[in-house]
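Participant: Residue numbers (this note's numbering), protein chains in the order written: chain Z, 132 to 327; chain W, 132 to 327; chain X, 132 to 327; chain R, 132 to 327. In this text, a Cβ means the ideal position worked out from N, Cα and C, and glycines have one as well. A quick note: this is a predicted structure, and the numbers were derived from the prediction, not measured. Structure incoming, see below.
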DNA sequence: GATGAATGAGCGTTCATTCAT
DNA sequence: CATGAATGAACGCTCATTCAT
């Protein structure tokens, strides 16, 4: 299936170009022609791979979401207790986002879009799953009594942890002096309960 | 004698309408006419009070930023040590944002805009000040040795705290089952060091 | 009738302001508000004296046309033969236009408007009368054989003379180094037949 | 393979349509849609060939100016003395303008625009060159003493000659009974010095 | 497939004019 | 009379999308 591979690869190329342009100009400020130029193809050709401009934004987020879900899955297979796994999660996610500056920027537009059109991409579901995975690890050892009883209910704790990650990404986008990668450890120290 | 109008009040009315529309449709999806209709005036009249659509977005954020800065200032005058003051800050900010759903939604568009056009509104400066105020309270008692030495440097701690707030707001926007107001206490418990 | 006088005077004030603005910004680029500001009154007040923006342009030209027609009438009463009278006409007209830079500039807009809407102001009639007056003087002495037979028919001669005046005004408007007043004598020398 | 279009030719078609519309309705009264309709294309397509409405006006004048400059250059190569050459110039220019009624009408708008925005199109320069070419021919034979000493300085003489041409065009535009082509000879007789 | 010329709905903004005070 | 806030029709220009080649 050589055609299939080519098609998918070309689609990916265009998507990468789109993300660069979205990151630079914002979704609202990105013309199809800008994306085509960035991808080195003609304007009309974009429509051979994407049905609309919005579809590209969705695809960009899908990529990030897929990688995040993979991470979430990995976490469940990670050796160690809940805390080890959460540390792994936080570090992995922060590394991912620190490396994907462009995608992070685009995330802002996706957020804005997702708030308005809940049917467009299931943002609520994404973050719900995210929190659920964190919650699972936070409560992992509980039934064995090996974790100190937390004053904070695990779901709220998870929300705060997830929120801290997203909120740090946000600040890093605004202010280059905020080093996103370096914030993994503080988040871990402050929000991941010590093992045992 | 011309018609008597309180320019500032009228401007505020329009701004409120604009925020409602921005919240509902997103900045990019809000036509001037929508805003005018929401405000109960004619399209052209909007331009008697705002120079452009973007100016309304900026004004919306300015309002929120001003109230936030007030809060920050109040914090400095609040009785008690750094921890008390931080508790006050977190609770106040969360209450403010919980009450201002529309403004929070609009915040997403402002973020998106602010990342791209750093000269438009000084987002970096806003969050820098925000973090600085938090940092100040985190280090308030330190020189007297009354606070437990923190494993996390105060600036990073502040970033995480501010991030947690913003990140919780974000999740609450996506998912109505996330109760923003109820997250104040978890944030306090997890991220504000206990007094003494 | 004091009110009457005031009203007329006020109208004239506004018209003068309008001419200044038209000259500076062009008719198309002159907003009613600009004119009102120049006249030191409120926007709405303009409409107490003029029915529309276009009416002001017409009035501006009317003023110039009236003064031109006066000149034409004076010419007929001027002592001397046709040539003397033409010299007087050319010098007077050139002096008038040289003094009224603003009106000359506005003339360009009036021309542009007048070509398109013949019913608006009778431009054709104005120039016809103008040429007729010149023609009359060119042929003044002819029937007595006191003028040298001209190789050029008087109507064409008049057209060229009138054209030269307007064309010189035009060049002076474009190029400040063209001294309109100084062109009266050359026009006289070249286009007014010597007496006898 | 994209549709094959001769960009320059298409641009010219649109320009011709624009000139027709400008001539009929005036620049200020010509909507882009009118021009598009006249050209038989869609509104947006106009912008594939012109960046703005004003650019079309400039292009219209550029065309006329280019042809005029060609004429000026031809004059310098024309056989005969200065007077022969000037006769050739006057006749050629008058023929050109008589044939291009629409462009002449548009000229009125260009004048109006050019007076206000000297940087837009170098009207002053155009007429300066025009006068310079005429002046050159007026003084052509002087140093050999073959021309009768003129009472009028050549630069003023040139200004009057150029002015007469433009002024006759103007009158012809207002009044159909003025036959522009027929005015070439009167201008020659009156303003071009006889040979020798 | 690829192209890019063409389309035309759509929108931000302007401004002449009106009219309540 | 004077004012200037309000109006809303109008228009220049953009750009996502289509489709003939």
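(1) Would you check if the stretch 137-154 of chain X and the stretch 304-323 of chain Z touch, i.e. whether three or more CB-CB distances between them fall below 8 Å?
(2) What residues in the stretch 290-309 of chain X have a beta carbon less than 9 Å from any beta carbon of chain R?
(3) Looking at the structure shown, is residue 317 of chain R part of a helix, part of a strand, or coil, going by DSSP?
(4) Does residue 317 of chain X come within less than 7 Å of chain R when only Cβ atoms are used?
(5) Taking the alpha-carbon of residue 241 of chain W as reference, which of W:184, W:222, W:215 has the nearest alpha-carbon?
(6) May I ask you to verify whether the stretch 258-273 of chain Z touches the stretch 256-266 of chain W, counting CB pairs closer than 8 Å and requiring at least 3?
(7) Whole angstroms are fine: how far does the CA of residue 148 of chain X sit from the CA of residue 235 of chain X?
(8) Figure out for me which residue from Z:154, Z:207, Z:246, Z:214 has the closest Cα to the Cα of residue 320 of chain Z.
(9) Taking residue 296 of chain Z as the reference, which of Z:313, Z:282, Z:283 has the closest Cα?
(10) Examine chain W for any beta-carbon lying closer than 7 Å to the beta-carbon of residue 146 of chain Z, and answer yes or no.
(11) Using a 10 Å radius around the Cβ and a threshold of 16 neighbouring Cβ atoms, would you call residue 170 of chain W buried or exposed?
(12) Beta-carbon separation of residue 294 of chain X and residue 299 of chain R under 7 Å?
(13) Say whether chain W places a C-beta atom closer than 7 Å to the C-beta of residue 151 of chain Z.
(14) Roughly how far, in whole angstroms, is the beta-carbon of residue 145 of chain Z from the beta-carbon of residue 192 of chain Z, given that I think they are within contact range, below 8 Å?
(15) Under the rule that 16 or more other beta-carbon atoms within 10 Å means buried, what is residue 285 of chain R, buried or exposed?
(16) Counting contacts by CB-CB distance shorter than 7 Å, is residue 254 of chain R in contact with chain X?
(17) Just to confirm, are residue 323 of chain R and residue 217 of chain R a CB contact at a threshold of 7 Å?
(18) What's the call for residue 223 of chain X, buried or exposed, on a 16-neighbour Cβ count within 10 Å?
(19) Strictly under 7 Å for the Cβ-Cβ distance: is residue 276 of chain R near chain X by that measure?
(20) What does residue 283 of chain Z touch in chain W if you count any residue whose Cβ is under 7 Å from its own?
(21) Helix, strand or coil for residue 181 of chain R per DSSP?
(22) If you count every other CB in all the chains shown that lies within 10 Å of the CB of residue 238 of chain X, and 16 or more means buried, which is it?
(23) Verify the CB distance criterion: does residue 208 of chain Z have a CB-CB separation below 7 Å to chain W?
(24) Using the beta-carbon of each residue, which ones in chain R are nearer than 7 Å to residue 159 of chain X?
(25) Cβ atoms of residue 233 of chain X and residue 154 of chain X: under 7 Å apart, would you say?
(26) Given that residue 240 of chain R touches chain X, what residues does it touch there, using C-beta distances under 7 Å?
(27) For residue 296 of chain W, which three-state DSSP category applies?
(28) Less than 7 Å separating the beta-carbons of residue 221 of chain Z and residue 315 of chain Z?
(29) So, with DSSP's three-state summary, where would you put residue 287 of chain R?
(30) In chain order, what residues of the same chain lie with their CB nearer than 7 Å to the CB of residue 311 of chain Z, ignoring the 5 residues before and after it?
(31) Tell me the rounded alpha-carbon separation between residue 199 of chain X and residue 189 of chain X.
(32) Establish whether the CB of residue 200 of chain X and some CB of chain R are separated by less than 7 Å.
(33) Would you grab the beta carbon distance between residue 287 of chain W and residue 317 of chain Z for me? Rounded to a whole angstrom, and I think it's under 8 Å.
(34) Out of curiosity, what's the CA-to-CA distance linking residue 292 of chain Z and residue 245 of chain Z?
(35) Do you know whose CA, among W:219, W:325, W:167, W:231, lies nearest residue 195 of chain W's CA?
(36) In the DSSP assignment, find the unbroken alpha helix (DSSP H) run with residue 160 of chain Z in it and report its ends.
Facilitator: Per the coordinate set shown:
(1) no
(2) 290, 291, 292, 293, 294, 295, 296, 297, 298, 299, 300, 301, 302, 303, 304, 305, 306, 307, 308, 309
(3) helix
(4) yes
(5) W:184
(6) no
(7) 15 Å
(8) Z:214
(9) Z:313
(10) no
(11) buried
(12) yes
(13) no
(14) Incorrect: roughly 16 Å between the Cβ atoms, too far for contact.
(15) buried
(16) yes
(17) yes
(18) buried
(19) Model confidence at residue 276 of chain R stands at a pLDDT of 49, short of 50, so the residue's coordinates are unreliable and nothing is read from them.
(20) 317, 320, 321
(21) coil
(22) buried
(23) no
(24) 159
(25) yes
(26) 243
(27) helix
(28) yes
(29) helix
(30) 225, 228, 229, 299, 300, 303
(31) 15 Å
(32) no
(33) 4 Å
(34) 21 Å
(35) W:231
(36) Where residue 160 of chain Z is concerned, there is no enclosing alpha helix (DSSP H), given that its DSSP letter is neither H nor E.
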